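Heads up, the thing below is written out as structure tokens.
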Amino acid sequence: MLSRYLTCLIAIPTAVFAAPPEGADWVPVPAMTDEFDGTELDASKWYDHNPTWMGREPGYFSKDNVAVYDGKLHLTAKAEQLDDLPKGYHSFTTAAVKSKTLIQYGYFEIKAKAMDSHASSAFWFYNHQPEEWTEIDVFEISGGSPKKQRTYHMTVHVFITPEDGKKHWQNGTTWEAPFRFADDYHVYGLEWDAETIKWYVDGELVRVLKNTHWHQPLTMNFDSETFPHWFGLPDASELPATYSIEYVRAWQKKAEAAN
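Listed below in structure tokens is the structure:
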């Protein structure tokens, strides 16, 4: 993701659940729900790459680094040099999965374990159109970075709007976990509606943001990227490393799903 952010730590009352939040009439969104119980990625729902981006240099998104087995989706980062890569891509391959469906508002949840590497593990939403381009990062995690392995990065971006044109700005924050994200599976949720955006970790509400700009239908994305100047490049000794997702589940409020 195109990510930079302001950091601050916030304390918010918790709400424990591992399903849609109570208080609304939720309906499932099958096109963005997957238990990954087969032997290959469901091509009716997902791309095994990002069709509009090759990855953050120097890490190149390779379809070979996406796999489904043992009831999980696996995205792997490797130290390898592929032949005939575009300029700027070298030394590392990473992975990306992107939904084939756009969605506006809902509750989205995954159970995942971050890779134990400086390479990122990420869950995010975006849509890049000539007249509007926005992004919501549920998380970016560097599970193997000594100073960031417990840090949960949450950022929203506005790149292009009809009102402001090409004026990029962002709003980001962090939450410090009492655990390493690469040690075990945890449940991560995003509740997004016309009024607010909320982030959850294991049912704990860790951020609330007023929704001022994120009203555009977005795609769902999982990926791993190399961030030379943020997380630092991975050492070859820590690769291959894998970001594993046990499930992704999506719901919309009934009134939103009907539109």
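In the UniProt record's numbering, the protein residues as written are 1 to 259. Cβ atoms here follow ideal geometry from the backbone N, Cα and C, with glycine treated the same way. Remember, predicted model here, so these are calculated numbers, not experimental data.
| query | result |
| --- | --- |
| State whether the segment 70 to 80 contacts the segment 231 to 247, with contact taken as three or more CB pairs (one from each stretch) at a distance under 8 angstroms. | yes |
| Does DSSP put Lys-167 in a helix, in a strand, or in coil? | coil |
| Relative to the C-alpha of Val-208, which residue among Leu-218, Asn-221, Glu-191, Asp-202 is closest? | Glu-191 |
| Helix, strand or coil, according to DSSP, for Ser-91 in the structure here? | coil |
| What did DSSP end up calling Asn-221 once you bin it into helix, strand or coil? | strand |
| Can you name the start and end residues of the beta strand (DSSP E) that Lys-147 belongs to? | No beta strand (DSSP E) contains Lys-147, which DSSP labels as neither H nor E. |
| Can you tell me which residues form a DSSP beta bridge with Gly-59? | Phe-92 |
| Would you report the Cα separation of Asp-25 and Glu-195, rounded to the nearest angstrom? | 17 angstroms |
| Counting pairs of Cβ atoms below 8 angstroms between the segment 125 to 138 and the segment 245 to 256, do you hit three or more? | no |
| Quick check: the Cα distance between Pro-234 and Gly-59, rounded to an integer number of angstroms? | 10 angstroms |
| Using DSSP bridges, identify the partner residues of Ser-244. | His-74, Lys-113 |
| What separation, rounded to the nearest whole angstrom, lies between the Cα atoms of Gly-189 and Thr-173? | 16 angstroms |
| If we count the other Cβ atoms within 10 Å of its Cβ and call it buried at 16 or more, is Ala-255 buried or exposed? | exposed |
| Taking all protein chains shown into account, do 16 or more other C-beta atoms lie within 10 angstroms of the C-beta of Lys-148, making it buried, or fewer, making it exposed? | buried |
| Under 8 angstroms, do Val-68 and Gln-252 count as touching if we go by C-beta distance? | no |
| According to DSSP, simplified to helix, strand and coil, what is Asp-137? | strand |
| Please state if the CB of Val-201 and the CB of Glu-126 are separated by a distance shorter than 8 angstroms. | Note that residue 126 is Tyr in the sequence shown here, rather than Glu. Taking 8 angstroms as the Cβ cut-off, Tyr-126 and Val-201 do not qualify as a contacting pair. |
| Spatial neighbours of Ala-257 within its chain, please: C-beta separation below 6 angstroms, excluding the five flanking residues on both sides. | Val-27 |
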